[in-house]
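Enquirer: Shown below is the structure under consideration.
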Amino acid sequence: MKIKIKQELVGAILFFTVAAVIWFLIPSQIAVKGNEQISSQTFPRLIIGLMGLCSGFIIIKEIVKIIKKQPVKEIEINLREERKSLAVILMLLGYWLLLHVLPFMLVSLIFGGVMLVFFKCKNWKYYVTVSVIIIAVTLVFQNALNVELP
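In terms of the UniProt record's numbering, the sequence shown is residues 1 to 150.
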């Protein structure tokens with residue numbers, strides 16, 4: 001099955017939606033101390049506001065092009081070819097879900113191994129390299145930087 005999408009319009013709508021969600025999440029994620037005009041929320045809101053504004057501009061520009069029947073950039077997506085992408089997204093979702101049950105290092109080792117198997121990697125050195133990097137990064141964050149990992 002193939003579908004055609006208007007690349008710039010869909011991308012702008014996606015980024016506008018992400019900007020709106022982040023805009024409304026900022027107050028719950030970044031605490032403000034005091035009654036300052038410029039606070040810890042100012043810069044993130046400025047960047048996200050700019051992202052939303054630019055996305056809104058692109059949405060309007062693309063809608064005007066469609067109304068005027070001017071050519072817009074379209075791409076064709078073959079859903080059968082995108083199955084691997086969907087599988088990777090599902091594996092990422094599984095990784096996230098397992099993080100709530102198992103320790104970070106174990107879930108990361110499992111995920112790294114599953115990804116290498118999924119992409120049919122046969123060289124054992126890659127498995128060792130990925131495992132060593134995961135263990136090293138975890139130990140550095142937990143012991144040297146005192147960062148609590150999930």
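The C-beta atom is built at its ideal place from N, Cα and C for all residues, glycine as well.
(1) Check whether the stretch 50 to 69 touches the stretch 12 to 22, taking contact to mean three or more Cβ pairs, one atom from each stretch, closer than 8 Å.
(2) With respect to the beta strand (DSSP E) encompassing isoleucine 38, which residues constitute its N-terminal and C-terminal limits?
(3) Does the beta-carbon of leucine 149 have 16 or more other beta-carbons within 10 angstroms, so that it is buried, or is it exposed?
(4) Return the chain-ordered list of same chain residues with a C-beta closer than 8 Å to the C-beta of residue 163, the five sequence neighbours on each side being excluded.
(5) How about glutamate 76 and glutamine 7: are their beta carbons less than 8 Å apart?
(6) Does the stretch 99 to 107 come into contact with the stretch 22 to 33, if we say contact requires no fewer than three beta-carbon pairs (one atom in each stretch) closer than 8 Å?
(7) Compute the Euclidean distance between the alpha carbons of proline 44 and leucine 50, then round it to the nearest angstrom.
(8) Please classify isoleucine 3: does DSSP put it in a helix, a strand, or coil?
(9) With which residues is glutamate 76 paired in a DSSP beta bridge?
(10) Apply the 10 Å Cβ neighbour rule to serine 85 and answer buried if 16 or more other Cβ atoms are within range, or exposed otherwise.
(11) Note down, in chain order, each residue of its chain lying with its Cβ closer than 8 Å to the Cβ of isoleucine 63, except the 5 sequence neighbours on either side.
(12) With DSSP collapsed to three states, give me the class of valine 64.
(13) Note the first and the last residue of the continuous alpha helix (DSSP H) segment covering leucine 86.
(14) By Cβ distance, which residues of its chain are closer than 6 Å to isoleucine 30, with the 5 residues on each side in sequence left out?
(15) Would you call isoleucine 89 buried or exposed, if buried means 16 or more other Cβ atoms sit within 10 Å of its Cβ?
Expert: The short version:
(1) A contact exists between the stretch 50 to 69 and the stretch 12 to 22.
(2) No beta strand (DSSP E) holds isoleucine 38; DSSP gives it neither H nor E.
(3) Around the C-beta of leucine 149, fewer than 16 other C-beta atoms lie within 10 Å, and the residue is accordingly described as exposed.
(4) Lying before the first or after the last residue shown, residue 163 is absent from the chain, which here runs from 1 to 150.
(5) No Cβ-Cβ contact shorter than 8 Å links glutamate 76 with glutamine 7.
(6) Output reads no: the stretch 22 to 33 does not touch the stretch 99 to 107.
(7) Computed Cα separation, rounded: 10 Å.
(8) Three-state result, isoleucine 3: strand.
(9) Secondary-structure assignment with DSSP links glutamate 76 through a beta bridge to Lys4.
(10) The residue in question, serine 85, is exposed, as its Cβ has fewer than 16 Cβ neighbours within 10 Å.
(11) Within the same chain, Leu9 come within 8 Å of isoleucine 63 by CB-CB distance, once the 5 residues on both sides are set aside.
(12) Looking at valine 64 - three-state DSSP - the assignment turns out to be helix.
(13) Where leucine 86 is concerned, the enclosing alpha helix (DSSP H) stretches over 83 to 99.
(14) Result list for isoleucine 30: Ser40, Gln41, in chain order.
(15) Per the 10 Å Cβ criterion, exposed.
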